[in-house]
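Visitor: Following this message is one structure expressed as structure tokens.
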Amino acid sequence: MSLRPTLSLILTPARRIATSCASRHITTSCVAAARLSNNPFDPFPRPFDPPPVPRGPELTHSRGGESSAKLRARLTYQSRKRSSLESGLLLSTFARDFLPGMTTPELREFDRLLAEPDADIYSWAVGKRDAPSRWNDSAVLDKLRKHARNENKVVRRTPDLEDIER
């Protein structure tokens, strides 16, 4: 008796199962991708190409009735929690050094500055790019640029919260 017919009976259904599972997986992936995509007709979304984010003044919203102490606390938190380490270091040390002495209009201006994308803030502060015209007369951005130059060559690290609260 030959083993050949027996093996073909066993392998053929296994191939069918594997093929149907693979095609079902591909179909499911395409359907899921089409659902996640911004364009419902595009079955293959590009994760590296996100939708455009509104920039500038559109991002800020009025927080009426916020006390200056609460505003300082929020700005301290927002200056520490940035998307890049460089921005976090630059803005958190700036907040530690300058937030306690800022007036309310300067705090609001710093709030608007923090609404900008981190890469833009960092490149404006270190002088890689020029800031847009809406930031030409900004005293806060001028202070940040001076802080970024680090003329005394101080070794900086992200400050502890206890250091900021004092």
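Each residue of the sequence shown is one higher than the last, beginning at 1 in the UniProt record's numbering.
Positions of the beta carbon are idealized from the N, C-alpha and C atoms, including for glycine.
Do Ala-139 and Ala-125 come within 8 Å of each other at the CB atom, strictly closer than that value?
Guide: Mapped onto the sequence shown, residue 125 falls at position 125. Mapped onto the sequence shown, residue 139 falls at position 139. Not closer than 8 Å, so no.
Visitor: With hydrogens ignored, establish whether the beta-carbon of Arg-80 is closer than 7 Å to any heavy atom of the ligand COA.
Guide: The ligand COA is not part of this structure, which contains no ligands at all.
Visitor: Given Glu-86, which residues of its chain have a CB within under 6 Å of its CB, disregarding the five upstream and five downstream residues?
Guide: As a position in the sequence shown, residue 86 is number 86, starting the count at 1. So the qualifying residues of the chain are Tyr-122.
Visitor: Quick check: the Cα distance between Arg-80 and Gly-88, rounded to an integer number of angstroms?
Guide: Taking the sequence shown and counting its residues from 1, one reaches residue 80 at position 80. Taking the sequence shown and counting its residues from 1, one reaches residue 88 at position 88. Each residue's alpha carbon lies about 5 Å from the other.
Visitor: Does DSSP classify Ser-67 as helix, strand or coil?
Guide: Residue mapping note: residue 67 aligns to position 67 of the sequence shown, counting from 1. Residue state, collapsed to three classes: coil.
Visitor: Quick check on DSSP: helix, strand or coil for Gly-127?
Guide: Translated into the one-based positions of the sequence shown, residue 127 becomes position 127. Residue state, collapsed to three classes: coil.
Visitor: Can you tell me which of Leu-114, Lys-146, Ser-92 and Glu-151 puts its alpha carbon nearest to the alpha carbon of Asp-160?
Guide: As a position in the sequence shown, residue 160 is number 160, starting the count at 1. Comparing Cα positions, the closest option is Ser-92.
Visitor: Roughly how many whole angstroms lie between the Cα atoms of Ala-73 and Leu-99?
Guide: Taking the first residue of the sequence shown as position 1, residue 73 is located at position 73. Taking the first residue of the sequence shown as position 1, residue 99 is located at position 99. Rounded to the nearest angstrom, the two C-alpha atoms are 9 Å apart.
Visitor: With distance defined between alpha-carbon atoms, name the residue in Arg-157, Lys-153, Val-155 and Lys-143 nearest to Met-102.
Guide: Position 102 of the sequence shown, counted from the first residue, corresponds to residue 102. Nearest C-alpha to Met-102: Lys-143.
Visitor: Distance check for Gly-65 and Asn-150, CA to CA, integer angstroms please.
Guide: Translated into positions along the sequence shown, residue 150 becomes position 150. Translated into positions along the sequence shown, residue 65 becomes position 65. Roughly 36 Å between the two C-alpha positions.
Visitor: Look up Ala-139 in the DSSP assignment and say whether it is helix, strand or coil.
Guide: Mapped onto the sequence shown, residue 139 falls at position 139. Helix at Ala-139.
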